[in-house]
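Numbering (my numbering), first residue to last: 38 to 594. Think of the CB as a built atom: it goes at the ideal place given N, C-alpha and C, for glycine as much as any other residue.
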């Protein structure tokens, strides 16, 4: 689409379903940094990587040890690695280019969410959020885990790192003994030096995971359980989804880099006071009429829009707000529940996953406005008579002779320097993976031949076959020889001809055809001399009739 003829006043958000992707039963999705590849986790333990430009399958990651449903997928910073968590309590790190599994770590419980460290191109640690225990930092090299605190009253207890091994089975509880941990949301900061944890008491904890120390606490009004916590791509805004059916947007007041150092400068006895200087409530989003729960909310690629899916069963609705808090669009899809959402990093495209495992691609319905392309362009509802100017079609009209502009033809044009993309902070990375070679999916294997002896006999008989059979093979047909045994699997068998080509037998010849072919071999037709009286050849049945009459006359004599 030509961007210059698109109406700039149209909202830069998707409107209609452009198409859908289908491959197995997909449950979770994630774009790479550029949005050129889309990873989707399936229920059979495989991970499909789609080329989003061509909508084709670029690679399928599958391992014999990974047969359980995938719960989350996460790309590394430059797309070389892919972290996959599954319901068999395992974390698997894949090499995307080679399609090989590099690391495998088994946790105590199933990780509902797993995220690689965003600040490293080759991360060795990840953040995992188990089903019913506290979030933890996992060392993918050693398999050890560091449990993070989920309540700021535990500061004195967890001042030292708590390192456990995957074989530990103890379940953590709050210090006040209220209840076991519910699924807790957590995410890295943009640079990866801090972890933001949302607990079941309605608090956001800012944690330095290297020292396992709570640096700040941000309470949420209402004290509802925080189900999701997500940063925008630029790291300036934080989004939370709570059980009170409200999406809250916070402005990040800490610097994007060296956030831990900034917290040390704000060090006070009251952690809530530090939290007030770290995050500031910006907007609260909700549906005041239906009061529905939200599923998989996230920011757009530029952070200007916020989307959230309806958590109602049998309803595929996507709500879109601008950053000012106005509801601008409600996208209604098929009558299938929505389980995951992702916004394209660059384009106004939203990808949603339905309960049935289909991935729907929502795109903008562009309307061309030619007045944006040419300011003096005028759209006509009907034909009008037009009187041209006298110099309108001259090579150099008189009206343009005055507007001549000097152009330096000797000026050198720089065609080597590549301008940086403002969408990405470090767009000059050379080893970033943007595309993968598409591997064709092989067809289902055919059934093997049940009778190898018959094929070998067929090869031998072709060398000594009659001219009729040789001519038939040359014409692409496999004729039947009465010496060959007839098998029930003739349809799937193959025969090698004299040139080494394999010709498939498509169907089994009928009994009548076999009888006719056998008669032709046993009783070859007698060769008749061509008649000199007529240049036209007689039909075969007339020749045979004349031959039989001559034989009868000779016997009567």
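- In the same chain as residue 290, and ignoring 5 residues on each side of it, the C-beta atoms closer than 7 Å to its own belong to 314, 315, 316 and 317, in chain order.
- Here residue 177 carries a coil assignment [DSSP, helix/strand/coil].
- Residue pairing by DSSP puts residue 121 in a beta bridge opposite 110 and 129.
- For residue 390, the closest C-alpha among the options 79, 103 and 277 is that of 79.
- CA-to-CA, the gap between residue 418 and residue 74 works out to about 44 Å.
- Across the set 388, 264 and 236, the C-alpha of 236 shows the shortest separation from the C-alpha of residue 254.
- Sequence-distant partners of residue 224 (beyond 5 residues in either direction) whose C-beta falls short of 8 Å from its own C-beta, in its chain, are 152, 164, 232, 233, 266, 267 and 268.
- Measuring C-alpha to C-alpha distances from residue 83 to each of 91, 172, 108 and 156 identifies 108 as the nearest.
- Distance from the CA atom of residue 405 to the CA atom of residue 416, rounded to whole angstroms, is 12 Å.
- With a contact defined as Cβ atoms closer than 8 Å, residue 398 and residue 137 miss out at about 29 Å.
- Per DSSP, reduced to three states, the secondary structure at residue 321 is strand.
- Within the same chain, 353 come within 6 Å of residue 371 by CB-CB distance, once the 5 residues on both sides are set aside.
- Counting along the chain, no beta strand (DSSP E) covers residue 312; the unbroken alpha helix (DSSP H) around it starts and ends at 308 to 313.
- Counting only runs of 3 or more residues that sit fully inside the stretch 45 to 76, the beta strand (DSSP E) segments are 53 to 58 and 63 to 68, in chain order.
- Taking a 10 Å sphere around the C-beta of residue 471, we find fewer than 16 other C-beta atoms and assign the residue as exposed.
- If you draw a straight line from the Cα of residue 133 to the Cα of residue 98, it is about 8 Å long.
- Burial is judged here by how many other beta carbons sit within 10 angstroms of a residue's own beta carbon; residue 377 has at least 16 and is buried.
- Beta-bridge pairing by DSSP links residue 391 to 375.
- Taken through DSSP and simplified to helix, strand or coil, residue 293 comes out as coil.
- Using a Cβ distance threshold of 7 Å, residue 331 and residue 284 count as a contacting pair.
- Residue 234 has 223 and 242 as its beta-bridge partners, per DSSP.
- Note on geometry: alpha-carbon atoms of residue 386 and residue 144 lie some 35 Å from one another.
- Residue 166 has 150 as its beta-bridge partners, per DSSP.
- Closest in C-alpha terms to residue 157, from the list 121, 146, 122 and 115, comes 115.
- For residue 360, the CB contacts under 6 Å within the same chain, skipping 5 residues up- and downstream, are 341 in chain order.
- Annotation note: the stretch 331 to 382 contains the following uninterrupted beta strand (DSSP E) runs of length 3 or greater, listed N- to C-terminal: 331 to 336, 342 to 347, 354 to 359, 364 to 369 and 375 to 380.
- With 16 or more other Cβ atoms from the protein chains shown falling within 10 Å of its own Cβ, residue 308 counts as buried.
- The three-state reading of DSSP puts residue 555 in helix, counting H, G and I together.
- With distances taken between CA atoms, residue 189 lies nearest to 243 out of 87, 382 and 243.
- Taking a 10 Å sphere around the C-beta of residue 365, we find fewer than 16 other C-beta atoms and assign the residue as exposed.
- Secondary structure note for residue 83: it is in no beta strand (DSSP E), with a DSSP letter that is neither H nor E.
- Apart from sequence neighbours up to five positions away, the residues of its chain that approach residue 296 with a beta-carbon distance below 8 Å are 226, 228, 230 and 231, ordered along the chain.
- Taking residue 350 as the centre and dropping the five residues before and after it, the same chain places the C-beta of 374 closer than 7 Å to its C-beta, in chain order.
- Residue 104 places its beta carbon 7 Å or farther from that of residue 121.
- From the listed residues 112, 238, 287 and 356, the smallest Cα separation to residue 52 is found for 356.
- Distance from the Cα of residue 319 is smallest, within the candidate group 326, 275, 325 and 298, for 275.
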